[in-house]
Ligand SMILES: Nc1nc2c(ncn2[C@@H]2O[C@H](COP(=O)(O)OP(=O)(O)O)[C@@H](O)[C@H]2O)c(=O)[nH]1
Ligand SMILES: [Mg+2]
């Protein structure tokens with residue numbers, strides 16, 4: 055997804071090792087005063103460039119699609135991440151300042167004096183880098199947490215599949231997308247988001263299955279999960295709520311209907327279709343559609359209805375003014 059191209063964030067130790075060993079190498083190529091000057095340049099440049107790259111590698115959070123913004127915020131906290139990045143940015147500038155300061159001071163000393171100053175400068179650079187040790191670690195953690203986000207395209211028409219566990223959501227998504235390998239999952243707490251794709255009239259639709267999220271009453275969701283629901287809200291163009299009237303899923307039908315009603319209220323901007331799945335077992339509930347995924351009954355009808363409900367009209371290039 056959008057964040058997968060981020061380079062790995064170095065630890066402060068890795069960064070200092072790299073900077074000082076390259077500096078030593080560049081120092082060996084010269085001698086006396088010049089060796090010291092070259093070491094300072096090299097170390098400071100490596101540190102300040104690498105720290106800056108850590109920061110600029112991240113997209114501007116304000117440019118993120120609301121879906122991803124909410125998701126990033128739910129998983130790592132946008133404000134916290136911004137804070138860490140701004141600390142690292144500070145460290146990059148500070149290292150640049152140290153380089154300038156010592157370069158100026160180098161003008162008035164001999165080789166021996168330059169060596170002393172260079173050592174002093176290295177100690178100060180090391181201090182600066184160590185000061186952002188925690189920030190670098192937190193940025194790296196955030197990156198790890200975010201890199202496995204499923205590749206969801208917020209601009210693609212999206213059908214969200216909801217309903218209690220074991221009502222047949224995954225069976226449906228797997229059957230119609232016919233692409234198990236396309237489903238990716240993202241675990242934070244108990245939550246995953248899985249996505250599969252279908253194509254109708256050359257338009258790609260995303261089918262999103264959210265086990266752990268839209269399969270339980272709102273009051274059972276923790277804060278992160280609630281925020282993830284907000285993210286999904288930005289995404290959904292239509293919602294399919296699956297019911298299992300047979301109760302084989304382990305949840306009584308009245309409880310399932312309560313969840314359906316909560317979803318109707320929550321996703322009030324988009325069509326929400328009620329689908330009684332496992333119609334081979336029971337049809338004992340009022341629903342928009344009756345389907346059996348395992349028997350292949352009405353599966354396409356439900357999919358067509360969902361596509362219809364999305365009502366996606368692709369923008370044609372010549373429509374633009
Ligand atoms: N009898 C019957 N079983 C079904 C049907 N659809 C799914 N199942 C079964 O219900 C169980 C739970 O399905 P699953 O897709 O994992 O549900 P999910 O938890 O909502 O994703 C599995 O054993 C499925 O084979 C159906 O239409 N009829
Ligand atoms: Mg499932």
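In the numbering used here, the protein residues as written are 55 to 375. C-beta atoms are modelled at their ideal positions from N, C-alpha and C, and glycine is treated no differently. As the structure is a prediction and not an experimental result, all values here were calculated from the model.
Quick check: is any heavy atom of ligand 2 less than 8 Å from the C-beta of residue i?
i           : result
residue 332 : no
residue 263 : yes
residue 72  : no
Residue i bridges to which residues according to DSSP?
i           : result
residue 330 : 297 and 344
residue 351 : 346
residue 292 : 213
Compute the distance between the beta-carbons of residue i and residue j, then report whether it is under 9 Å.
i           : j           : result
residue 66  : residue 184 : yes
residue 260 : residue 193 : no
residue 69  : residue 94  : no
residue 296 : residue 352 : no
residue 203 : residue 125 : yes
residue 175 : residue 98  : yes
residue 119 : residue 222 : no
residue 329 : residue 254 : no
residue 121 : residue 285 : yes
residue 179 : residue 73  : yes
residue 145 : residue 101 : yes
residue 86  : residue 96  : no
residue 189 : residue 139 : yes
residue 300 : residue 270 : no
Quick one: give me the first and last residue of the beta strand (DSSP E) that residue i is part of.
i           : result
residue 81  : Counting along the chain, residue 81 falls outside any beta strand (DSSP E), though it belongs to the alpha helix (DSSP H) covering 66-82.
residue 259 : 257-263
Ligand 1 and residue i: does the residue's C-beta get closer than 8 Å to at least one heavy atom of that ligand?
i           : result
residue 218 : yes
residue 347 : yes
residue 266 : no
residue 223 : yes
residue 335 : yes
residue 342 : no
residue 269 : yes
residue 226 : yes
residue 176 : no
residue 115 : no
residue 121 : no
residue 296 : yes
Could you give the first and the last residue of the continuous alpha helix (DSSP H) run that contains residue i?
i           : result
residue 108 : 86-110
residue 150 : 132-160
residue 195 : 187-201
residue 226 : 223-231
residue 302 : Counting along the chain, residue 302 falls outside any alpha helix (DSSP H), and DSSP gives it neither H nor E.
Looking at the structure shown, is residue i part of a helix, part of a strand, or coil, going by DSSP?
i           : result
residue 63  : coil
residue 182 : helix
residue 172 : helix
residue 250 : strand
residue 213 : strand
residue 206 : coil
residue 365 : coil
residue 116 : helix
residue 336 : coil
residue 123 : helix
residue 272 : helix
residue 235 : Any reading at residue 235 must be qualified, since the residue scores a pLDDT of 47, below 50, and its modelled position is unreliable; the value itself is stated next. Correct three-state label for residue 235: helix.
residue 267 : coil
residue 283 : helix
residue 318 : helix
For a test of your reading of the model: does the CB of residue i fall under 8 Å from any non-hydrogen atom of ligand 3? Yes or no.
i           : result
residue 314 : Among the ligands present in this structure, namely ligand 1 and ligand 2, ligand 3 is not found.
Does residue i get closer than 9 Å to chain D when you measure Cβ to Cβ?
i           : result
residue 306 : The structure shown contains no chain D, having only a single protein chain.
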